[in-house]
Each structure stands twice: as structure tokens, then as C-alpha cells.
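K.L.:
Number 662 marks the last residue of the sequence shown (the UniProt record's numbering); no jumps.
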Amino acid sequence: MVLYTSPFPNSFLSVLHSFSWGLIFPCYWLADRLVASFVPTTYEKRQRADDPCYFHALCIIITTPIYLALLVASLPFALIGFLLWSPLQSARRPYIYSRLEDKNHANGATLLTEWKAAGNGKSFCFGSANVCLLPDSLARFNNVFNTQARAKEIGRRIRNGASRPQIKIYIDSPTNTSISAASFSSLVSPQGGDSTNRTVNAGIKRTTSMEYKGDNSGSNNSEDSREDKGGAGEPNEGEENTCIVPINGDDNGHMSDTETDTVNGQAHASGPAEPSLEGDAEISKTPNHKQKEGDSGSLDSYSASRESLVKVRVGDGTVDQSTVNNKLLYKASIMKKTSVRKKKHTDETFDHEISAFFPANLDFLCLQEVFDKRAAEKLKEQLHHYFEYIVYDVGVYSCHGCCSFKFVNSGLLFASRYPVMDAAYHCYPNGRGTDSLASKGALFLKVQVGSTPQDQRIVGYISCTHLQAIAGDTTVRCEQLDMLQDWLSEFRKSTSSSSTANPEELVAFDVICGDLNFDNCSSEDKLEQQHSLFTHYKDPCRIGPGEDKPWAIGTLLDPEGLYDEEVCTPDNLQKVLESEEGRKGYLVYPTSKNHSSSQKGRKASLKGNGRRIDYMLYTEEGLYLEWKVEVEEFSFITQLAGLTDHLPVAMRLMVSTGEDDP
Numbered sequence: 001m002v003l004y005t006s007p008f009p010n011s012f013l014s015v016l017h018s019f020s021w022g023l024i025f026p027c028y029w030l031a032d033r034l035v036a037s038f039v040p041t042t043y044e045k046r047q048r049a050d051d052p053c054y055f056h057a058l059c060i061i062i063t064t065p066i067y068l069a070l071l072v073a074s075l076p077f078a079l080i081g082f083l084l085w086s087p088l089q090s091a092r093r094p095y096i097y098s099r100l101e102d103k104n105h106a107n108g109a110t111l112l113t114e115w116k117a118a119g120n121g122k123s124f125c126f127g128s129a130n131v132c133l134l135p136d137s138l139a140r141f142n143n144v145f146n147t148q149a150r151a152k153e154i155g156r157r158i159r160n161g162a163s164r165p166q167i168k169i170y171i172d173s174p175t176n177t178s179i180s181a182a183s184f185s186s187l188v189s190p191q192g193g194d195s196t197n198r199t200v201n202a203g204i205k206r207t208t209s210m211e212y213k214g215d216n217s218g219s220n221n222s223e224d225s226r227e228d229k230g231g232a233g234e235p236n237e238g239e240e241n242t243c244i245v246p247i248n249g250d251d252n253g254h255m256s257d258t259e260t261d262t263v264n265g266q267a268h269a270s271g272p273a274e275p276s277l278e279g280d281a282e283i284s285k286t287p288n289h290k291q292k293e294g295d296s297g298s299l300d301s302y303s304a305s306r307e308s309l310v311k312v313r314v315g316d317g318t319v320d321q322s323t324v325n326n327k328l329l330y331k332a333s334i335m336k337k338t339s340v341r342k343k344k345h346t347d348e349t350f351d352h353e354i355s356a357f358f359p360a361n362l363d364f365l366c367l368q369e370v371f372d373k374r375a376a377e378k379l380k381e382q383l384h385h386y387f388e389y390i391v392y393d394v395g396v397y398s399c400h401g402c403c404s405f406k407f408v409n410s411g412l413l414f415a416s417r418y419p420v421m422d423a424a425y426h427c428y429p430n431g432r433g434t435d436s437l438a439s440k441g442a443l444f445l446k447v448q449v450g451s452t453p454q455d456q457r458i459v460g461y462i463s464c465t466h467l468q469a470i471a472g473d474t475t476v477r478c479e480q481l482d483m484l485q486d487w488l489s490e491f492r493k494s495t496s497s498s499s500t501a502n503p504e505e506l507v508a509f510d511v512i513c514g515d516l517n518f519d520n521c522s523s524e525d526k527l528e529q530q531h532s533l534f535t536h537y538k539d540p541c542r543i544g545p546g547e548d549k550p551w552a553i554g555t556l557l558d559p560e561g562l563y564d565e566e567v568c569t570p571d572n573l574q575k576v577l578e579s580e581e582g583r584k585g586y587l588v589y590p591t592s593k594n595h596s597s598s599q600k601g602r603k604a605s606l607k608g609n610g611r612r613i614d615y616m617l618y619t620e621e622g623l624y625l626e627w628k629v630e631v632e633e634f635s636f637i638t639q640l641a642g643l644t645d646h647l648p649v650a651m652r653l654m655v656s657t658g659e660d661d662p
């Protein structure tokens with residue numbers, strides 16, 4: 001199957017489309033700005049409340065007539081452009097496939113060789129998020145604004161979080177299993193040539209294991225990271241360095257002579273210290289997408305979570321977090337904020353957490369509501385610092401391909417570190433209400449993740465979707481789930497090049513990600529909860545229809561509280577969601593006649609831990625028979641605090657092949 005790298009089959013149609021959109025865009029932009037000026041967010045309302053001169057009101061009075069006059073003047077050009085634009089959509093392709101052009105920073109082919117080196121299996125990490133990148137006037141109805149700036153910041157945070165080293169922290173104490181256990185930061189120094197374990201003792205009664213799995217992201221990480229790595233030795237390709245840090249209180253924070261020498265050696269090797277952090281200003285209380293530097297959601301922030309860095313004793317003096325951070329920041333890999341993985345229920349077979357960062361070594365990313373084209377371009381540019389392969393601008397426009405007229409695309413975007421082999425998109429034909437104006441549907445992808453010693457391709461299937469959003473449309477969503485299963489089955493058959501007798505490729509995983517717009521606790525969503533999809537695919541957060549696991553939390557945030565100081569940063573939101581009272585205050589819960597629509601300050605007893613409408617499902621059906629797929633960890637992520645009204649989710653799957661490859 002050919003992957004479409006441009007929206008039209010020839011340059012003439014592309015030029016004609018650009019010309020028609022150029023005629024439409026002024027009218028579109030003016031209408032968007034005009035509506036946006038009358039739909040303030042809670043953050044803007046608070047700012048205006050502190051304005052005694054009513055400056056903003058004066059600006060609206062002046063600019064509104066100007067916007068209206070320009071809008072009327074642009075309407076004839078927009079009409080001509082629309083008459084050209086609409087018929088062109090019949091020739092438009094359903095997506096755009098983008099591959100990183102800089103070959104020096106591409107490493108997708110290199111990742112394929114890791115399967116052979118892995119021996120008995122390999123893990124893959126999947127992420128999904130609804131990022132609410134609508135035109136600014138529409139995004140404001142969800143209490144978010146400045147779509148273009150948010151798109152750039154969302155992409156920057158995702159690739160910063162994913163490009164950090166993979167660090168696992170386990171609690172070794174059977175008594176410390178609280179979901180609200182304190183999080184802390186860790187220092188890791190995976191420098192090439194020195195693969196010995198380094199031990200640092202501090203006065204915290206926990207034992208943690210931090211595992212650094214090498215720089216699998218290759219050179220296509222952020223430019224800052226590439227420059228920083230240039231000054232330090234890097235581990236060889238495929239080499240694993242492990243830093244084990246037992247943290248306990250037995251030695252009162254003192255270190256042995258050997259440990260002291262090790263830490264001192266790292267400090268000397270890192271060169272002169274950077275300027276002190278003590279003089280830095282406090283973290284800004286404005287929304288995160290307005291912070292240019294120092295926001296706590298970015299790994300390159302000096303001020304992010306610095307209060308939680310572990311202090312250590314070195315020699316005769318105490319080295320605080322500022323000194324250690326400054327000396328090792330650009331010479332060593334630093335995990336600034338890692339939430340402790342909890343296993344509150346001993347019968348759980350995998351780790352689960354509320355994390356302030358996207359998982360390290362994120363392999364696949366599925367996004368929803370990337371509706372705005374300019375925002376999609378900005379997001380793509382940021383994600384290409386980490387992901388080599390991206391499929392975006394997915395969907396159809398006008399009347400092509402679906403029953404009703406479509407003004408915007410599906411909003412789906414897929415990013416991968418592994419090569420994409422095939423892709424297909426289908427539009428749901430039964431959308432209702434405002435949802436029918438968007439070409440919501442399902443994007444199906446086939447990726448190659450490795451090869452066997454016998455040169456058989458190892459592939460995986462990923463589906464990304466966004467279902468009907470309007471409450472009460474249960475039947476519509478069930479029909480869409482039926483179509484999703486049928487289309488996925490057809491896609492797998494049409495793209496398979498294997499036979500049972502002579503398999504040319506082996507299937508390692510089959511995953512479905514997306515915003516399904518129903519939860520597993522609401523009584524109104526019973527039909528969706530009992531859908532046959534959940535008999536073929538497993539939900540790691542689910543016990544059964546109508547019942548989630550106790551550690552699972554909702555992914556839909558209360559829009560009214562997005563800019564509250566308690567939750568406006570990733571660290572703060574993480575801490576709030578770790579407590580039951582915090583979740584009641586800032587998550588949307590299942591609707592009930594006995595409760596008001598406002599979630600703030602609610603103390604009543606509620607079922608579940610909020611509305612979990614963002615799903616990650618996997619199956620063991622249709623995979624290679626001798627392989628086993630298990631969930632290794634599941635995360636609810638707060639790194640996009642203040643940028644969207646959804647919590648991203650992530651899942652790491654381990655594909656076990658046994659001692660030898662087949």
C-alpha cells in the first residue's frame with residue numbers, strides 16, 4: 001500500500017487548493033477572532049477582574065466594528081474560494097504521511113534491529129491524548145485558548161517527556177502502599193564507558209531501582225538534548241546502563257567512602273557548575289502554555305520540581321539540590337520528577353501510576369481533536385524532534401466520503417518511532433448534531449517493529465479513533481464500535497502478507513487507542529460498557545462492565561478548574577489527583593440527577609474515580625501463537641496540565657517470545 005505524502009495526487013490540484021484556501025482564510029480568521037473575543041476563559045476573567053480601567057472592554061468596543069467591517073468585505077472572496085475548494089475535496093487523500101527528512105537524526109531503521117538483540121522479547125509503549133486543538137473560538141467553550149501556542153507547547157512537552165531516560169522506581173516496603181505516597185526526583189548519570197552501578201544514600205525510607213535503558217530515541221530528540229549529549233560520552237547502541245539507588249534511613253543520609261568518591265568523580269567530570277538556581281524567580285502562576293521558560297511540565301526547566309530533588313551528603317559538607325542539579329544537568333541524564341509506582345493491590349500484575357511526565361521511550365502516540373490545520377503543522381514540527389514517522393490531517397472534507405457535509409477533518413494524529421507500513425482511514429457515517437460537522441472516524445496503521453533471525457517481519461497494528469461525543473447518543477456509539485471492529489478486521493486481512501503455512505510476518509500486538517466518549521461507571525453508558533469489543537480486547541483499567549479497578553481514575557477534567565493554582569502545573573495536578581478529595585474537586589464524575597453539574601467542592605459519595613473516557617485496549621487474538629502479550633505498566637499523565645481538558649494515558653506492553661526467537 002502506498003503512503004500518501006501529499007494531500008493531492010498532483011501539484012496542479014495542490015496549487016489550486018492553496019489558492020482557494022487563501023481566499024477563504026481571511027474570512028475564517030476574522031470570524032474566529034470575532035467570536036473568540038466574546039468567549040473569555042476563566043483565566044482571562046480573573047485577569048480582567050484585576051483591571052480597574054476596563055482596558056479589555058475598551059479593546060472589544062474598538063476592535064469589534066473593525067472585525068465586522070473586514071469580515072463583510074472578505075465574504076465575496078470567501079464565497080469564490082469555497083466554490084473552488086469544495087469540489088477539490090473529492091480528489092483529496094484521506095491523510096498526510098510525514099517522515100523526518102534529516103537522515104542524520106532518523107533512527108527508525110536502527111530500532112528494527114533491536115528485536116534480534118532483545119532475545120526473549122521486547123516492550124512497546126503507547127500513548128493517547130485528547131489535546132483539544134480546535135479553532136480558538138471553539139476551544140474556548142472548553143475553557144482553553146491560544147490554540148497555536150498550545151499546539152507548540154504540547155508537542156514540546158510530549159517529546160521532552162518521552163526523550164528522557166526510562167527510570168523505574170519501586171517501593172520495597174510492604175507497609176508503604178498508599179496511592180498518595182510522596183513522589184521524588186532522582187539523578188541518573190548514564191555516561192559512556194562507566195557502566196558500574198552508582199549508589200547514593202539519603203534519609204528517605206524507601207528503596208528505589210532506577211533503570212536507564214539507553215538512548216533509544218537516537219538523535220532525533222530535541223536540539224538541546226543533542227547538543228548536551230555531544231559533550232558527554234554516550235553508551236553504545238543497544239547497551240543498557242543501570243543506576244540502582246537504595247534510599248533508606250539507616251545511615252542517616254551518610255555515604256560510604258566509595259560512594260563519596262563516585263559522586264565526587266561525577267561532579268568533577270561534569271566540569272564547572274552552571275549558575276546557581278537560588279536566584280531564580282518563582283514558577284509563574286499563569287497557564288502553562290503562556291510560560292516560555294521554567295514551566296514545570298518541561299524537562300529543560302530549571303525550576304521544575306526542584307524542591308523534591310534528593311539531598312545527599314558528600315565528604316564533610318552537604319550538597320543541596322541546586323549544586324547537584326547545576327553540575328549534572330547537561331552532563332548527566334536527570335529525571336526531575338518521577339512518581340512512585342504503586343501496587344496497592346498485591347494481585348495486580350503490572351505497575352500503575354499517576355505521572356507528571358509522558359513515559360520515557362514512548363514508541364507510539366495517538367492524538368485526538370487536532371482539528372486546526374495550522375496547529376497540526378506546529379505540533380508536527382515539535383513531535384518530529386522525537387518521532388520519525390507522523391500521519392496527520394486525517395479525514396475528509398465537504399461531501400466526499402460521508403453522508404453529510406464536513407467542515408473539519410477527523411482530528412486524529414499518529415506519531416511513531418517505528419516505520420509505518422500501511423495506513424487506512426474510515427469516516428463514521430452516522431454522526432449526529434455538531435459531531436456530524438467533523439469527519440470523525442478511525443485511523444488504522446500497520447507498523448514494522450523488528451525482524452526475526454529468519455528475516456520474517458515483526459509487525460503491529462494500532463487503531464486510533466474518536467467516537468460520538470454528544471451525551472445520550474448511546475446507539476450511535478455502539479454502531480461506531482461495530483464499524484470499528486469490522487474495519488479493523490478488513491484492514492488486517494487486506495494488509496496481511498502471510499499464510500498460516502508460510503508466515504512472512506509475525507504479529508506482535510494489536511492496540512486500540514482513543515477518546516470513546518463513554519465511561520465504565522455511568523448508568524447511561526451501560527450499552528457501550530457491555531459491547532462485544534471488550535470481549536475481544538482487554539482494558540487494563542477495567543474489572544468488568546460498570547466496574548473499574550480501584551486505582552483507575554477519570555481522564556476528563558472539570559474545565560472550570562483548569563487554571564486553579566492547585567492544578568495549573570503538572571506536579572500540582574499530580575498531587576491533587578493522588579487524593580480522593582482532590583479528584584472530586586477537579587475531575588468530571590458520572591452525571592446524576594442528585595448532583596449539580598459543577599464538580600468543584602463536591603463532598604458527596606460518588607461511584608468510581610471520575611469519568612474515564614480515554615481508552616487503551618489490547619488483544620491477544622490474532623497474534624503469533626507462541627508469543628505472549630502482557631501489560632507492563634499503565635499511566636495517567638499530568639504533563640499537559642493547563643493545555644487540555646483531558647488526562648493523557650499511556651500503556652507499556654511486553655511481548656514475550658520465550659528463550660529463542662521463532
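The beta-carbon is built from N, C-alpha and C at its ideal position, and this holds for glycine as well.
Would DSSP call residue 379 helix, strand or coil?
P.N.:
Three-state DSSP puts residue 379 in a helix.
K.L.:
CB of residue 32 to nearest heavy atom of the ligand ATP: below 7 Å?
P.N.:
Annotation note on the ligand ATP: not contained in the displayed structure, which lists no ligands.
K.L.:
Are there three or more Cβ pairs, one per stretch, closer than 8 Å when the stretch 426-442 is compared with the stretch 452-461?
P.N.:
Not touching, per the Cβ criterion.
K.L.:
So what does residue 515 bridge to, in DSSP terms?
P.N.:
Answer by DSSP bridge pairing, in chain order: 466 and 614.
K.L.:
So the candidates are 548, 81 and 38; which of them puts its Cα closest to the Cα of residue 61?
P.N.:
The residue with the shortest Cα to Cα distance from residue 61 is 38.
K.L.:
Classify residue 647 as buried or exposed, calling it buried when 16 or more other Cβ atoms lie within 10 Å of its own Cβ.
P.N.:
Buried: at least 16 other Cβ atoms inside 10 Å.
K.L.:
Determine the extent of the beta strand (DSSP E) in which residue 99 is found, giving its start and end residues.
P.N.:
Element bounds for residue 99: 96-99.
K.L.:
Roughly how many angstroms separate the alpha carbons of residue 529 and residue 612, rounded to a whole number?
P.N.:
Whole-angstrom Cα-Cα distance: 12 Å.
K.L.:
Hey, out of 46, 538 and 84, whose CA is closest to residue 511's CA?
P.N.:
Among 46, 538 and 84, the Cα nearest to that of residue 511 is on 538.
K.L.:
Looking at residue 608: is its Cβ nearer than 8 Å to the Cβ of residue 645?
P.N.:
No.
K.L.:
If we ignore side chains and look at the alpha-carbon of each, how far apart do residue 33 and residue 571 end up?
P.N.:
Taking the straight line from one Cα to the other gives about 33 Å.
K.L.:
Quick check on this structure: which residue in 412, 113 and 481 has the alpha carbon closest to the alpha carbon of residue 617?
P.N.:
Measuring from the Cα of residue 617, the nearest candidate turns out to be 481.
K.L.:
If you measure between the beta carbons of residue 159 and residue 133, is that distance less than 8 Å?
P.N.:
In this structure, residue 133 does not lie closer than 8 Å to residue 159 by Cβ.
K.L.:
Beta-carbon within less than 7 Å of residue 621's beta-carbon, same chain only, minus the 5 sequence neighbours each way: which residues are those?
P.N.:
Same-chain partners within the cutoff: 536.
K.L.:
Between the C-alpha atoms of residue 375 and residue 153, what's the straight-line distance to the nearest angstrom?
P.N.:
Their backbone Cα atoms lie some 11 Å apart in a straight line.
K.L.:
Kindly indicate the opening and closing residues of the beta strand (DSSP E) around residue 366.
P.N.:
Looking at the DSSP string, the run of the beta strand (DSSP E) that includes residue 366 is 364-370.
K.L.:
So, with DSSP's three-state summary, where would you put residue 489?
P.N.:
DSSP places residue 489 in helix when its eight states are reduced to three.
K.L.:
Under 8 Å by Cβ, that's how I've got residue 446 and residue 461 pegged, so tell me the actual separation to the nearest angstrom.
P.N.:
Contact holds; Cβ gap of about 6 Å.
K.L.:
Which residue or residues does DSSP assign as beta-bridge partners of residue 130?
P.N.:
Partner(s): 368.
K.L.:
Give a yes or no on whether the C-beta atoms belonging to residue 497 and residue 504 are separated by under 8 Å.
P.N.:
Their beta carbons are under 8 Å apart, which means residue 497 touches residue 504 by this criterion.
K.L.:
Does DSSP put residue 33 in a helix, in a strand, or in coil?
P.N.:
DSSP places residue 33 in helix when its eight states are reduced to three.
K.L.:
Which complete alpha helix (DSSP H) runs does the stretch 551-584 hold, if anything under 4 residues is left out?
P.N.:
List check, alpha helix (DSSP H) in window: 570-577.
K.L.:
For the 8 Å Cβ check, are there 3 or more pairs between the stretch 354-374 and the stretch 382-395?
P.N.:
Yes, they touch.
K.L.:
Give me the residue from 163, 366 and 46 with the minimum Cα distance to residue 360.
P.N.:
Residue 163 is the option with its Cα nearest to residue 360.
K.L.:
Compare the Cα-Cα distances from residue 686 to each of 17, 349, 364 and 436 and report the closest residue.
P.N.:
The displayed coordinates of the chain run from 1 to 662. Any statement about residue 686 would go beyond what the structure contains.
K.L.:
Do residue 388 and residue 99 have their C-beta atoms within less than 8 Å of each other?
P.N.:
Yes. Within cutoff.
K.L.:
Please identify the residue among 399, 474 and 411 whose C-alpha is closest to the C-alpha of residue 531.
P.N.:
Nearest of 399, 474 and 411 to residue 531, Cα basis: 474.
K.L.:
Across which residues does DSSP place residue 586 in a beta bridge pair?
P.N.:
According to DSSP, residue 586 bridges with nothing at all.
K.L.:
Since residue 124 sits in a beta bridge, which residues does DSSP pair it with?
P.N.:
Residue 124 pairs with 653.
K.L.:
Taking the straight line between their C-alpha atoms, what separation do you get for residue 568 and residue 355?
P.N.:
Between residue 568 and residue 355, the C-alpha separation is close to 15 Å.
K.L.:
Indicate the three-state DSSP secondary structure (helix, strand or coil) for residue 411 in the structure shown.
P.N.:
DSSP places residue 411 in coil when its eight states are reduced to three.
K.L.:
Is residue 438 near residue 411, with beta carbons less than 8 Å apart?
P.N.:
Yes, the Cβ-Cβ distance between residue 438 and residue 411 is below 8 Å.
K.L.:
How far does the alpha helix (DSSP H) with residue 44 in it reach, from first residue to last?
P.N.:
Taken as a continuous stretch (DSSP letters only), the alpha helix (DSSP H) holding residue 44 covers 42-49.
K.L.:
Taking the beta carbon of residue 583 as the centre, do at least 16 other beta carbons fall within 10 Å, making it buried, or is it exposed?
P.N.:
Buried: at least 16 other Cβ atoms inside 10 Å.
K.L.:
Are at least three pairs of beta-carbons, each pair with one atom in the stretch 548-563 and one in the stretch 39-51, less than 8 Å apart?
P.N.:
Touching, yes.
K.L.:
Inspect the beta-carbon positions of residue 566 and residue 123 and report whether they are closer than 8 Å.
P.N.:
Their beta carbons are not under 8 Å apart, which means residue 566 does not touch residue 123 by this criterion.
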